[in-house]
Ligand SMILES: [Zn+2]
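In the numbering used here, the protein residues as written are 786 to 1141.
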């Protein structure tokens, strides 16, 4: 581990989180896992306790290719552990969350649509060999569902759906207290449910998927395409510079009341609401939690997606209590806390303590 270079990327941020003492030291006796969140846009590592507290976290943009991203993840992990020697010497394991498809049993990433060059990357083996700790991999949305179930579940419900809306869209489902997935152990691919028959091309190769409309990248792409159509006389180079907005920038403009940004955002949230309804109709949970970068938008901008009865009552809930639909309580820590849950779930003798 001493040979791992320390990253000097100026975009990294180190933040002290809940559970740290005022001088930044870890409360003694606390055990943590190293949590690794592999996102298409953002990479994050953190130290997460068995009660779901992120002690320390470090993030960087995904450099866009697998070798550089792996180097960044490893160097950030090493730097994080260097700064917390007390926790580093007492780590329980490593949890990794990544978009699917994955070979979970063998710890491999299998060319996810948003990480196309991650072809059979042996992620768990790499971290296990470098850090000498038991290492576990799971789908990032299943990880989000697990973390929500353990630590963001004051009603202690047993049926929960977690939908992550970031670069892509994923979903994790817990029914009867157990995560469910496809036969390969991957999460539920809600993002590739068709919203519009024969609609826009999706990264998965099909057309009209929800992910092609309301993922962070798609909210941005659709807006920027519209900008180019509205202003055809502006040279592409100028347009690239001035009108290539991220979904967060579109949300900021919508928040300021810019009409076109606001209309685009509200349309996107209506589409997302229809997708969330599909998840409720499929699984009938008591609780649906949304997380991911898009859900970091101001509360009033997210509300149209979460107000699930806008389009009429849910058929599956006509004779029961309506489900609770809300954004994650983990905020920007959601990624690493989710990755932490992957490890705590598997570590024998250290079951996650559910929040009261
Ligand atoms: Zn698709």
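Here a beta-carbon is modelled for each residue, glycine too, at the ideal position from N, C-alpha and C.
Output the residue ranges of the alpha helix (DSSP H) runs that lie fully inside the stretch 958-1010 and measure 4 residues or longer, sorted by chain position.
Correct list: 996-999.
Could you tell me if residue 854 is buried or exposed, where buried requires 16 or more neighbouring beta carbons within 10 angstroms of its beta carbon?
When all chains shown are included, residue 854 counts as buried.
Considering just the uninterrupted stretch of the alpha helix (DSSP H) at residue 929, what are its terminal residues?
Residues 925-936.
Give the single residue among 989, 997 and 1030 whose Cα lies nearest to the Cα of residue 1005.
Residue 1030 is the option with its Cα nearest to residue 1005.
Within the chosen definition, does the stretch 939-954 reach the stretch 998-1013 through at least 3 CB pairs nearer than 8 Å?
At 8 Å Cβ cutoff, the stretches touch.
Check the C-beta distance from residue 826 over to residue 850 and give it rounded, since I have them as a contact under 8 Å.
The pair is not a contact, with the Cβ atoms about 14 Å apart (cut-off 8 Å).
On the criterion of 16 or more Cβ atoms from any shown chain inside 10 Å, does residue 904 qualify as buried, or is it exposed?
Classification of residue 904: exposed, given that the 10 Å Cβ count is below 16.
Can you give me the C-alpha to C-alpha distance between residue 838 and residue 1122, rounded to a whole angstrom?
C-alpha separation (whole angstroms): 7 Å.
Please confirm whether any heavy atom of ligand 1 lies closer than 7 Å to the CB of residue 991.
Flag set: Cβ of residue 991 near ligand 1.
Using C-beta distances below 7 Å, list every residue in its chain close to residue 992, excluding the 5 sequence neighbours before and after it, in chain order.
The residues are 983, 984, 985 and 986.
I need the boundaries of the beta strand (DSSP E) containing residue 949, first residue and last residue.
Taken as a continuous stretch (DSSP letters only), the beta strand (DSSP E) holding residue 949 covers 945-950.
Are the stretch 827-837 and the stretch 856-876 touching by the rule of at least three beta carbon pairs closer than 8 Å?
As far as the Cβ criterion goes, the stretch 827-837 touches the stretch 856-876, which means the pair count is three or higher.
Mind checking residue 928: buried by the 16 CB within 10 Å criterion, or exposed?
Answer is buried; the Cβ neighbour count reaches 16.
Quick one, are the C-beta atoms of residue 976 and residue 962 less than 8 Å apart?
No, the Cβ-Cβ distance between residue 976 and residue 962 is not below 8 Å.
What residues match up with residue 822 in a beta bridge as DSSP calls it?
Residue 822 is bridged to 829 and 882.
Within the chosen definition, does the stretch 887-905 reach the stretch 929-949 through at least 3 CB pairs nearer than 8 Å?
In short, these stretches do not touch, since the Cβ pair count stays below three.
Excluding the 5 residues preceding and the 5 following residue 912 in the sequence, name in chain order all residues of the same chain whose CB lies nearer than 6 Å to its CB.
If we look at residue 912 and ignore the five residues flanking it on each side, its Cβ neighbours are 879 and 920.
Check whether the Cβ of residue 1049 lies closer than 7 Å to any heavy atom of ligand 1, and answer yes or no.
Because no heavy atom of ligand 1 lies under 7 Å away, the Cβ of residue 1049 does not count as near it: no.
According to DSSP, simplified to helix, strand and coil, what is residue 1125?
Note: residue 1125 maps to helix in three-state DSSP.
Which residues in the same chain as residue 1077 place their Cβ atom closer than 7 Å to its Cβ, once the five residues preceding and following it in sequence are excluded?
Only 949, 950 and 951 meet the Cβ criterion.
For residue 972, which residues in the same chain have their Cβ closer than 7 Å to its Cβ, ignoring the five residues on either side in sequence?
Taken in chain order, the residues that qualify are 885, 924, 926, 927, 955, 956, 957 and 966.
Could you have a look at residue 908 and say whether DSSP puts it in helix, strand or coil?
In this structure, residue 908 counts as helix in the three-state DSSP scheme.
Using the rule of at least 16 other Cβ atoms within 10 Å of the residue's Cβ for burial, across every protein chain shown, is residue 1127 buried or exposed?
Buried.
How many angstroms separate the CA atom of residue 843 from the CA atom of residue 821?
If you take the alpha carbons of residue 843 and residue 821, they lie about 10 Å apart.
Using only CA atoms, which one of 1059, 881 and 1055 lies nearest to residue 908?
Of the listed residues, the one whose Cα sits closest to residue 908 is 881.
Say the cut is 7 Å; is the CB of residue 996 nearer than that to a heavy atom of ligand 1?
Answer for residue 996: yes, Cβ within range of ligand 1.
What ranges does the alpha helix (DSSP H) occupy inside the stretch 1027-1082, keeping only unbroken runs of at least 4 residues that lie completely in it?
If we require 4 residues or more, the alpha helix (DSSP H) runs fully inside the stretch 1027-1082 come out as 1032-1040 and 1044-1068.
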